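The opening residue of the sequence shown carries number 453 in our numbering; numbering runs sequentially from there.
This report concerns only the one structure given below.
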Amino acid sequence: MEECIFCKIANGEVDHARIWENEKYVAFLDVNQAVKGQALVVPKEHLESNIYENREEDISEAMLAAKEVAKLLQKKLNAERVLTIIEGLEVNHLHIKLYPYKKEKDEDFPGYKFIGGKDRTPQELHEIKKEILE
Numbered sequence: 453m454e455e456c457i458f459c460k461i462a463n464g465e466v467d468h469a470r471i472w473e474n475e476k477y478v479a480f481l482d483v484n485q486a487v488k489g490q491a492l493v494v495p496k497e498h499l500e501s502n503i504y505e506n507r508e509e510d511i512s513e514a515m516l517a518a519k520e521v522a523k524l525l526q527k528k529l530n531a532e533r534v535l536t537i538i539e540g541l542e543v544n545h546l547h548i549k550l551y552p553y554k555k556e557k558d559e560d561f562p563g564y565k566f567i568g569g570k571d572r573t574p575q576e577l578h579e580i581k582k583e584i585l586e
């Protein structure tokens, strides 16, 4: 099997805007930012993208890693909360998407503003990464 892009990022073969890491997981900024600070949490080990096809231990570890990253994003980006999506599409490697959420003035329902986004340049991602890590 040819390694997937998330394996390459997690193993350091591809340089990306990494914002957090522990022994088993890594988090980096999504190149397609629907909202500022949108990040992905992925295991360093290649796991099935359908979360329910994985062992309970792996699911628990993934959620605990996502919780740590969400706390970091919430604090550093002054977000009201961090929204979490685990759809397992596009890349067959377990990944949890995190979206820092700030309620807009007079907003009753945020709708689906977190779907799709603008590709960011490496420089733009570096600036967001710098803000999170400072």
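Ideal placement from N, C-alpha and C gives every residue a C-beta, glycine not left out.
Values in this document were obtained by computation on a predicted structure and should not be read as measured data.
Exercise for the section: Using the Cα positions of residue 495 and residue 556, report the straight-line distance between them to the nearest angstrom. Expected result: What you label residue 495 is simply residue 43 of the sequence shown in a count that begins at 1. What you label residue 556 is simply residue 104 of the sequence shown in a count that begins at 1. Approximately 33 Å, taken between the alpha carbons.
Practice task
Kindly list the residues whose CB is nearer than 8 Å to the CB of residue 539, restricted to its own chain and excluding five residues on each side of it in sequence; keep chain order.
Solution key: Mapped onto the sequence shown, residue 539 falls at position 87. Closer than 8 Å at the Cβ level, and outside the excluded window around residue 539, lie 549.
Practice task
Might you give, ordered along the chain, the residues of its own chain that have their beta carbon closer than 8 Å to the beta carbon of residue 531, omitting 5 neighbours on each side?
Solution key: As a first step, residue 531 must be located in the sequence shown, where it is residue number 79. So the qualifying residues of the chain are 489, 525, 552, 553, 554.
Exercise for the section: Would you list the one or two residues that DSSP bridges to residue 571? Expected result: To locate residue 571, count along the sequence shown from 1; it is residue 119. 484, per the DSSP bridge assignment.
Handout entry: Residues sharing a beta bridge with residue 466, DSSP
Key = As a working note, residue 466 is residue 14 in the sequence shown. Partner(s): none; residue 466 has no beta bridge.
Handout entry: Close beta carbons around residue 480, own chain, < 7 Å, minus the five adjacent residues each side
Key = Stepping through the sequence shown from its first residue, residue 480 is reached at position 28. 461, 468, 469, 470, 471, 491, 492, listed in sequence order.
Practice task
Can you check the stretch 498–528 for any alpha helix (DSSP H) of at least 4 residues that lies completely inside it and give the ranges in chain order?
Solution key: 508–528
Problem - Alpha carbon of residue 520 to alpha carbon of residue 498, nearest angstrom - result: Within the sequence shown, the letter at position 68 stands for residue 520. Within the sequence shown, the letter at position 46 stands for residue 498. Those two C-alpha atoms are separated by around 20 Å.
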